[in-house]
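Report on one structure; see the data block that follows.
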Amino acid sequence: MLRHLGEMVLAMIAGMLLLDPVWSLVAGPLGLTTALDRPDVAALVMATNMTAGMTVWMRHRRHSAGACAEMAAAMYVPFLVLLMPYWAGRIAGDAVLLGGHLLMVPAMVAVVLRRRHDPPVPAPRRGPLTAALVRRWPTGLALLMTVDAWVSPSVLGPWTLLVLPVGYLVVGAYRRRLRGPGVLARQLVGLAAWSALALTAAAAGGRAAAWLVAFGWLGHAVWDAVHHRRDEVVPRAYAEWCGVLDAVLGVTIIQALLAT
0 MLRHLGEMVL AMIAGMLLLD PVWSLVAGPL GLTTALDRPD VAALVMATNM
50 TAGMTVWMRH RRHSAGACAE MAAAMYVPFL VLLMPYWAGR IAGDAVLLGG
100 HLLMVPAMVA VVLRRRHDPP VPAPRRGPLT AALVRRWPTG LALLMTVDAW
150 VSPSVLGPWT LLVLPVGYLV VGAYRRRLRG PGVLARQLVG LAAWSALALT
200 AAAAGGRAAA WLVAFGWLGH AVWDAVHHRR DEVVPRAYAE WCGVLDAVLG
250 VTIIQALLAT
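Shown next as C-alpha coordinates:
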(Lines of atoms letter the chains of each structure in order from A; the text may use other names.)
(Lines give C-alpha, C1' and ligand atoms only; values in the text may rest on other atoms or scores of the structure.)
Protein backbone atom coordinates (compact mmCIF):
# COMPACT_ATOMS: atom_id res chain seq x y z
CA MET A 0 0.00 0.00 0.00
CA LEU A 1 2.84 2.38 0.81
CA ARG A 2 4.27 1.97 -2.67
CA HIS A 3 0.83 2.59 -4.15
CA LEU A 4 0.42 5.78 -2.12
CA GLY A 5 3.93 6.88 -3.03
CA GLU A 6 3.22 6.52 -6.73
CA MET A 7 0.00 8.50 -6.31
CA VAL A 8 1.83 11.32 -4.53
CA LEU A 9 4.38 11.49 -7.35
CA ALA A 10 1.54 11.62 -9.89
CA MET A 11 -0.09 14.46 -7.95
CA ILE A 12 3.17 16.41 -7.82
CA ALA A 13 3.68 15.88 -11.55
CA GLY A 14 0.19 17.22 -12.20
CA MET A 15 0.87 20.35 -10.17
CA LEU A 16 4.26 20.98 -11.77
CA LEU A 17 2.92 20.53 -15.28
CA LEU A 18 -0.44 22.29 -15.05
CA ASP A 19 0.23 25.16 -12.64
CA PRO A 20 2.11 27.25 -15.24
CA VAL A 21 -0.67 26.58 -17.75
CA TRP A 22 -3.23 28.26 -15.49
CA SER A 23 -1.03 31.36 -15.25
CA LEU A 24 -0.45 31.36 -18.99
CA VAL A 25 -4.19 31.21 -19.73
CA ALA A 26 -5.24 33.59 -16.94
CA GLY A 27 -2.88 36.39 -18.05
CA PRO A 28 -4.54 37.33 -21.36
CA LEU A 29 -7.99 36.96 -19.76
CA GLY A 30 -7.16 39.33 -16.92
CA LEU A 31 -7.74 36.65 -14.30
CA THR A 32 -4.27 36.58 -12.74
CA THR A 33 -5.46 38.16 -9.49
CA ALA A 34 -8.26 35.60 -9.25
CA LEU A 35 -5.69 32.80 -9.07
CA ASP A 36 -4.27 34.39 -5.92
CA ARG A 37 -7.56 34.00 -4.04
CA PRO A 38 -7.35 31.13 -1.52
CA ASP A 39 -10.59 29.50 -2.66
CA VAL A 40 -9.60 29.60 -6.33
CA ALA A 41 -6.04 28.46 -5.53
CA ALA A 42 -7.41 25.51 -3.56
CA LEU A 43 -9.68 24.36 -6.38
CA VAL A 44 -6.95 24.84 -8.99
CA MET A 45 -4.57 22.79 -6.86
CA ALA A 46 -7.15 20.03 -6.43
CA THR A 47 -7.74 20.01 -10.20
CA ASN A 48 -4.02 19.75 -10.95
CA MET A 49 -3.54 16.89 -8.53
CA THR A 50 -6.64 15.09 -9.76
CA ALA A 51 -5.48 15.33 -13.36
CA GLY A 52 -2.09 13.81 -12.57
CA MET A 53 -3.67 11.15 -10.37
CA THR A 54 -6.28 10.18 -12.97
CA VAL A 55 -3.73 9.82 -15.77
CA TRP A 56 -1.59 7.58 -13.57
CA MET A 57 -4.54 5.48 -12.37
CA ARG A 58 -5.88 4.95 -15.89
CA HIS A 59 -2.38 3.99 -17.01
CA ARG A 60 -2.42 1.46 -14.18
CA ARG A 61 -5.81 0.28 -15.48
CA HIS A 62 -7.79 1.22 -12.41
CA SER A 63 -11.55 1.45 -12.87
CA ALA A 64 -13.39 4.69 -13.53
CA GLY A 65 -15.07 4.28 -10.14
CA ALA A 66 -11.74 4.11 -8.35
CA CYS A 67 -10.56 7.20 -10.21
CA ALA A 68 -13.74 9.06 -9.24
CA GLU A 69 -13.33 8.13 -5.58
CA MET A 70 -9.74 9.31 -5.55
CA ALA A 71 -10.79 12.55 -7.27
CA ALA A 72 -13.31 13.05 -4.48
CA ALA A 73 -10.47 12.57 -1.98
CA MET A 74 -8.73 15.49 -3.68
CA TYR A 75 -11.69 17.87 -3.81
CA VAL A 76 -13.84 17.12 -0.75
CA PRO A 77 -11.31 18.26 1.91
CA PHE A 78 -11.01 21.66 0.23
CA LEU A 79 -14.75 21.96 -0.36
CA VAL A 80 -15.47 21.19 3.30
CA LEU A 81 -13.10 23.93 4.46
CA LEU A 82 -14.29 26.45 1.89
CA MET A 83 -17.67 26.67 3.63
CA PRO A 84 -16.30 28.19 6.86
CA TYR A 85 -13.84 30.25 4.80
CA TRP A 86 -16.65 31.87 2.81
CA ALA A 87 -18.46 32.45 6.09
CA GLY A 88 -15.41 34.30 7.41
CA ARG A 89 -14.69 31.74 10.11
CA ILE A 90 -11.21 30.62 9.00
CA ALA A 91 -8.33 32.19 7.07
CA GLY A 92 -7.25 31.29 3.56
CA ASP A 93 -4.01 29.68 4.77
CA ALA A 94 -6.07 27.33 6.94
CA VAL A 95 -7.98 26.18 3.86
CA LEU A 96 -4.82 25.27 1.95
CA LEU A 97 -3.04 23.65 4.90
CA GLY A 98 -6.12 21.90 6.25
CA GLY A 99 -7.08 20.63 2.81
CA HIS A 100 -3.73 18.91 2.42
CA LEU A 101 -3.87 17.43 5.91
CA LEU A 102 -7.38 16.04 5.39
CA MET A 103 -6.46 14.73 1.95
CA VAL A 104 -4.02 12.16 3.37
CA PRO A 105 -6.57 10.14 5.39
CA ALA A 106 -9.07 10.52 2.54
CA MET A 107 -6.60 8.94 0.11
CA VAL A 108 -5.76 6.17 2.57
CA ALA A 109 -9.47 5.49 3.03
CA VAL A 110 -9.96 5.07 -0.72
CA VAL A 111 -6.96 2.75 -0.99
CA LEU A 112 -8.21 0.62 1.91
CA ARG A 113 -11.72 0.52 0.48
CA ARG A 114 -10.33 -0.71 -2.85
CA ARG A 115 -7.77 -3.12 -1.40
CA HIS A 116 -9.92 -6.15 -2.32
CA ASP A 117 -10.43 -5.07 -5.92
CA PRO A 118 -9.23 -7.73 -8.37
CA PRO A 119 -5.62 -7.06 -9.37
CA VAL A 120 -5.26 -5.33 -12.69
CA PRO A 121 -2.72 -6.67 -15.19
CA ALA A 122 0.41 -4.63 -15.58
CA PRO A 123 0.12 -2.32 -18.57
CA ARG A 124 2.04 -3.46 -21.60
CA ARG A 125 4.82 -1.10 -22.49
CA GLY A 126 5.25 -0.13 -26.08
CA PRO A 127 8.56 1.21 -27.37
CA LEU A 128 7.60 4.82 -26.59
CA THR A 129 6.41 4.01 -23.07
CA ALA A 130 9.53 1.95 -22.36
CA ALA A 131 11.71 4.82 -23.55
CA LEU A 132 9.84 7.27 -21.33
CA VAL A 133 10.22 4.98 -18.32
CA ARG A 134 13.96 4.68 -18.92
CA ARG A 135 14.29 8.45 -19.24
CA TRP A 136 12.22 9.30 -16.16
CA PRO A 137 14.92 11.62 -14.73
CA THR A 138 14.70 13.70 -17.91
CA GLY A 139 10.92 13.76 -17.68
CA LEU A 140 11.06 14.83 -14.03
CA ALA A 141 13.48 17.65 -14.81
CA LEU A 142 11.31 18.87 -17.68
CA LEU A 143 8.23 18.83 -15.44
CA MET A 144 10.07 20.82 -12.79
CA THR A 145 11.12 23.46 -15.31
CA VAL A 146 7.83 24.05 -17.13
CA ASP A 147 7.45 27.35 -15.29
CA ALA A 148 10.94 28.41 -16.38
CA TRP A 149 9.91 28.05 -20.05
CA VAL A 150 6.61 29.86 -19.50
CA SER A 151 8.06 32.72 -17.41
CA PRO A 152 11.84 32.86 -17.92
CA SER A 153 13.70 34.63 -15.14
CA VAL A 154 17.26 35.27 -14.03
CA LEU A 155 18.53 33.38 -11.00
CA GLY A 156 20.80 34.95 -8.41
CA PRO A 157 24.57 34.34 -8.42
CA TRP A 158 24.52 32.37 -5.19
CA THR A 159 22.31 29.68 -6.71
CA LEU A 160 25.47 28.44 -8.43
CA LEU A 161 26.75 27.14 -5.09
CA VAL A 162 23.97 24.55 -5.02
CA LEU A 163 25.53 22.78 -8.01
CA PRO A 164 28.90 21.61 -6.60
CA VAL A 165 27.59 21.27 -3.04
CA GLY A 166 24.93 18.83 -4.24
CA TYR A 167 27.60 16.56 -5.72
CA LEU A 168 29.69 16.68 -2.55
CA VAL A 169 26.72 15.86 -0.31
CA VAL A 170 25.44 13.00 -2.48
CA GLY A 171 28.95 11.67 -3.06
CA ALA A 172 29.74 11.73 0.66
CA TYR A 173 26.48 9.95 1.49
CA ARG A 174 27.21 7.25 -1.10
CA ARG A 175 30.88 7.06 -0.05
CA ARG A 176 31.93 7.67 -3.63
CA LEU A 177 34.53 10.38 -2.94
CA ARG A 178 37.31 7.99 -1.95
CA GLY A 179 38.65 7.08 -5.39
CA PRO A 180 41.93 8.47 -6.72
CA GLY A 181 41.47 12.18 -7.41
CA VAL A 182 37.68 12.06 -7.00
CA LEU A 183 37.45 14.35 -3.97
CA ALA A 184 40.07 16.68 -5.44
CA ARG A 185 38.03 17.11 -8.63
CA GLN A 186 34.89 17.86 -6.64
CA LEU A 187 36.73 20.45 -4.56
CA VAL A 188 38.07 22.05 -7.74
CA GLY A 189 34.49 22.21 -9.00
CA LEU A 190 33.38 23.80 -5.73
CA ALA A 191 36.15 26.39 -6.01
CA ALA A 192 35.34 27.11 -9.66
CA TRP A 193 31.61 27.66 -9.17
CA SER A 194 32.24 29.60 -5.95
CA ALA A 195 34.60 31.91 -7.83
CA LEU A 196 32.04 32.31 -10.60
CA ALA A 197 29.33 33.15 -8.05
CA LEU A 198 31.57 35.72 -6.35
CA THR A 199 32.48 37.29 -9.69
CA ALA A 200 28.84 37.49 -10.72
CA ALA A 201 27.83 39.00 -7.38
CA ALA A 202 30.55 41.62 -7.70
CA ALA A 203 29.73 42.42 -11.33
CA GLY A 204 25.97 42.80 -10.92
CA GLY A 205 23.50 43.67 -13.66
CA ARG A 206 23.39 41.88 -17.00
CA ALA A 207 27.01 40.76 -16.73
CA ALA A 208 26.12 38.81 -13.59
CA ALA A 209 23.11 37.26 -15.29
CA TRP A 210 25.22 36.06 -18.23
CA LEU A 211 27.77 34.56 -15.83
CA VAL A 212 25.01 32.76 -13.95
CA ALA A 213 23.59 31.39 -17.21
CA PHE A 214 26.98 30.08 -18.32
CA GLY A 215 27.51 28.63 -14.84
CA TRP A 216 24.34 26.55 -15.12
CA LEU A 217 25.17 25.47 -18.67
CA GLY A 218 28.70 24.59 -17.61
CA HIS A 219 27.39 22.38 -14.85
CA ALA A 220 25.21 20.56 -17.39
CA VAL A 221 28.47 19.52 -19.07
CA TRP A 222 29.82 18.48 -15.67
CA ASP A 223 26.70 16.34 -15.20
CA ALA A 224 27.15 14.71 -18.61
CA VAL A 225 30.73 13.74 -17.78
CA HIS A 226 29.72 12.22 -14.45
CA HIS A 227 26.81 10.40 -16.09
CA ARG A 228 29.13 8.86 -18.65
CA ARG A 229 31.71 7.87 -16.05
CA ASP A 230 29.09 6.77 -13.47
CA GLU A 231 31.07 8.66 -10.85
CA VAL A 232 30.14 10.26 -7.50
CA VAL A 233 26.36 10.48 -8.03
CA PRO A 234 23.84 7.96 -9.42
CA ARG A 235 23.36 8.15 -13.18
CA ALA A 236 19.71 9.05 -12.66
CA TYR A 237 20.74 12.04 -10.55
CA ALA A 238 23.31 13.15 -13.12
CA GLU A 239 20.73 12.88 -15.92
CA TRP A 240 18.10 14.81 -13.95
CA CYS A 241 20.59 17.46 -12.88
CA GLY A 242 22.01 17.82 -16.39
CA VAL A 243 18.62 18.47 -17.98
CA LEU A 244 17.61 20.81 -15.16
CA ASP A 245 20.85 22.78 -15.42
CA ALA A 246 20.65 23.04 -19.21
CA VAL A 247 17.04 24.25 -19.16
CA LEU A 248 17.72 26.85 -16.47
CA GLY A 249 20.79 28.09 -18.32
CA VAL A 250 18.88 28.40 -21.60
CA THR A 251 15.87 30.09 -20.00
CA ILE A 252 18.10 32.62 -18.23
CA ILE A 253 19.56 33.52 -21.63
CA GLN A 254 16.03 33.66 -23.01
CA ALA A 255 15.07 36.12 -20.25
CA LEU A 256 18.14 38.25 -21.00
CA LEU A 257 17.42 38.39 -24.72
CA ALA A 258 13.81 39.36 -24.06
CA THR A 259 14.81 42.49 -22.11
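Read in numbering that gives the first Met the number 0, the sequence shown has 64 at position 65, and its numbers run on one by one without any break.
The beta-carbon is built from N, C-alpha and C at its ideal position, and this holds for glycine as well.
Keep in mind that this is a model prediction, so the values were computed, not measured.
Please determine, among the options, the residue with the shortest C-alpha to C-alpha distance to residue i.
i      : options                       : result
Thr251 : Arg113, Asn48, Ser151, Ala184 : Ser151
Asn48  : Ala34, Trp149, Val8           : Val8
Thr259 : His227, Gly205, His226        : Gly205
Leu168 : Tyr85, Leu257, His226         : His226
Leu217 : Val232, Leu101, Asp39, Ala246 : Ala246
Ala148 : Val111, Val170, Val21         : Val21
Leu155 : Trp86, Ala197, Tyr85, Ser63   : Ala197
Leu79  : Gly88, Ala46, His62           : Ala46
Pro234 : Arg60, Thr145, Arg174         : Arg174
CB-CB under 8 Å to residue i, same chain, minus the five flanking residues each way: which ones, in chain order?
i      : result
Ala195 : none
Ala51  : Gly14, Leu18
Cys67  : Met53, Thr54, Met57, Arg58
Ala236 : Trp136, Pro137
Trp86  : Asp39
Gln186 : Pro164, Tyr167, Leu168, Gly171, Leu177, Val232
Please work out which residues of its chain come closer than 6 Å, Cβ to Cβ, to residue i, disregarding the five sequence neighbours upstream and downstream, and give them in chain order.
i      : result
Ala208 : Pro157, Ala200
Val25  : none
Pro38  : Gly92, Val95
Met107 : Ala73
So is residue i buried or exposed if we call it buried at 16+ other beta carbons inside 10 Å?
i      : result
Ala13  : buried
Asp230 : exposed
Leu140 : buried
Asp223 : buried
Met83  : exposed
Gly99  : buried
Leu160 : buried
Gly179 : exposed
Leu257 : exposed
Ala71  : buried
From residue i to residue j, what does the alpha carbon distance come to, in whole angstroms?
i      : j      : result
Gln254 : Leu244 : 15 Å
Ser23  : Leu97  : 22 Å
Gly249 : Gly65  : 44 Å
Ala130 : Leu16  : 22 Å
Gly215 : Trp193 : 7 Å
Leu31  : Leu43  : 15 Å
Gly189 : Pro164 : 6 Å
Gly5   : Met11  : 10 Å
Val266 : Ala172 : Because the chain is modelled from 0 through 259, residue 266 falls outside the range shown and cannot be assessed.
Val182 : Trp240 : 21 Å
Go through its chain and collect everything with a Cβ distance to residue i's Cβ below 7 Å, but skip five positions before and after it.
i      : result
Met103 : Ala73, Met74, Pro77
### Query
Counting only runs that start and end within the region 56-96, where is the alpha helix (DSSP H) found for 4 or more residues in a row?
64-86
### Task
Could I get the ranges of all uninterrupted alpha helix (DSSP H) runs contained in the region 166-223, with 4 residues as the minimum, in chain order?
182-203
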